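Following the numbering used here, the numbering of the sequence shown begins with 461 at its first residue and continues without gaps. For glycine and all other residues, C-beta sits at the position ideal for the given N, C-alpha and C. The structure presented is a predicted model; accordingly, all values stated were derived computationally and were not measured. Written out below as structure tokens is the structure these notes cover.
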Amino acid sequence: MDIKDHTENGPSNKGLTVHKGAGRPENADSQSVQRFLQKRRKLLSVDQYFDGILEGNITILSKAVTLVESSKPLHREYARKIVARCLPYSGKSIRLGITGVPGVGKSTFIEALGTYIIRRGGRLAVLAIDPSSKRSKGSILGDKTRMEELAGKENAYIRPSPSAGSLGGVARKTREAIIICEAAGFDHIFIETVGVGQSETAVHSMSDLFLLLMLAGAGDELQGIKRGIMEMADLVAINKSDGDNVEKALFAKIQYQNALHFFPKKESGWNPRVLTCSALNKQGIDNIWEEIENYRKVTAGNGYFFRKRDFQSIYWMHETIEEQIRNEFYQHPEMKEQISSFEAKVLNKEISSFDAAEKLLELFSGLGNRRSSLSQ
């Protein structure tokens, strides 16, 4: 029966009656509608965000991280103030960067290690750069879906970070999210990367320990891993060491250990370890955690742990400056026109790429001087 038939059968069928939605009043101006929508999306005060974060309120924590991820000027201003307030309460966690080759079982490993930490009384925040389309800016696969057991734990917080946009922008937002999560009382932070590529350097620059997940078949795998990524690793864990793969994993362990001997000695005073595990069967996870604890003891004992944190803070100051200048350069309305004009000149061979860049920078500098004189 058609829904329309029900609506004509009188009061006895009111439960099935379909009413037409209320339309926008004719006298409603756009400003009134906008004010109404803004009221519904009203922001909390900085104090409310800060107090909620310190109380460990997950809803407020998530809203604060959303502000950090936003590119809206008002949200960025809020985020800056919130991060500044949280900064003195941060830094008390162990930050673990995790990367690995495709198909290595990274999510299963994170879930296994994460649940192990929580059973020992820890609180864990997982900041994962989600596989997203840069065109649609939408998540293909959410981390909570991939880590169902961990996501259900009271002391776990999983937050996929947007990968749409520049790598530097995503990395800055992730670092700010780390500060907020630490202020909320999370004493273990995992920063996950997707695949093996440029993001490893960014994750390494915000983590205390860098863990590389690999599979058995080391000879083939070593060829697919850049030397720089192997050099960054403090721990190498060979996952899926179960069933018929146990012997292969042990052989791969020897090969990786031999390969690591060719790298220069680390400033940290730590000799990278190679371990085997089966995240699916939760075997070897305790050994990996023991080595993570050993790393913290060694590097805290010789002072490297804290020196590295200081270096990272300075590094991210400079990265933020570069990102801000880059954004202002490309988003300025006058520069957008000039950039298009000079691109055409470069393509027509009227000017070299280098000269075009110099002239554009001169124009941008002139805009900055003009803004300064107007503000005086």
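- A check of alpha carbon separations from SER728 across ALA712, GLY763, TYR716 identifies GLY763 as the nearest.
- Taking a contact to require three or more Cβ pairs closer than 8 Å, the stretch 690 to 701 and the stretch 784 to 798 do not qualify as touching.
- With a beta-carbon spacing of about 4 Å, CYS546 and ALA643 fall inside the 8 Å limit used to define contacts.
- With a 10 Å radius around the Cβ and a threshold of 16 neighbouring Cβ atoms, THR759 comes out buried.
- Between ILE638 and ALA585, the C-beta spacing is below 9 Å.
- Taking a cut-off of 8 Å on C-beta distances, the stretch 645 to 655 does not touch the stretch 524 to 534, as fewer than three cross pairs fall below it.
- By the beta-carbon neighbour count (other beta carbons within 10 angstroms, threshold 16), PHE771 is exposed.
- LEU527 is a Cβ neighbour of ALA539, given a cutoff of 9 Å.
- Boundaries for GLU608: no beta strand (DSSP E) harbours it, while the alpha helix (DSSP H) harbouring it runs 608 to 611, taken from the DSSP string.
- Counting the other CB atoms within 10 Å of its CB gives GLY688 a total below 16, which places it among the exposed residues.
- Judged by DSSP secondary structure, HIS721 falls outside any alpha helix (DSSP H); it is assigned neither H nor E.
- Within the same chain, GLY557, LEU587, VAL663, SER667 come within 6 Å of ILE651 by CB-CB distance, once the 5 residues on both sides are set aside.
- Taking GLU636 as the centre and dropping the five residues before and after it, the same chain places the C-beta of VAL528, VAL543 closer than 6 Å to its C-beta, in chain order.
- Counting only runs of 4+ residues, the alpha helix (DSSP H) found wholly inside the stretch 507 to 572 occupies 518 to 529, 533 to 546, in chain order.
- Residue pairing of GLU707 in beta bridges, as defined by DSSP: absent, with no partner found.
- The three-state reading of DSSP puts PRO793 in helix, counting H, G and I together.
- Taking a contact to require three or more Cβ pairs closer than 8 Å, the stretch 743 to 753 and the stretch 707 to 719 do not qualify as touching.
- In chain order, GLY512 place their CB closer than 8 Å to the CB of THR519, counting only its own chain and leaving out the 5 sequence neighbours on each side.
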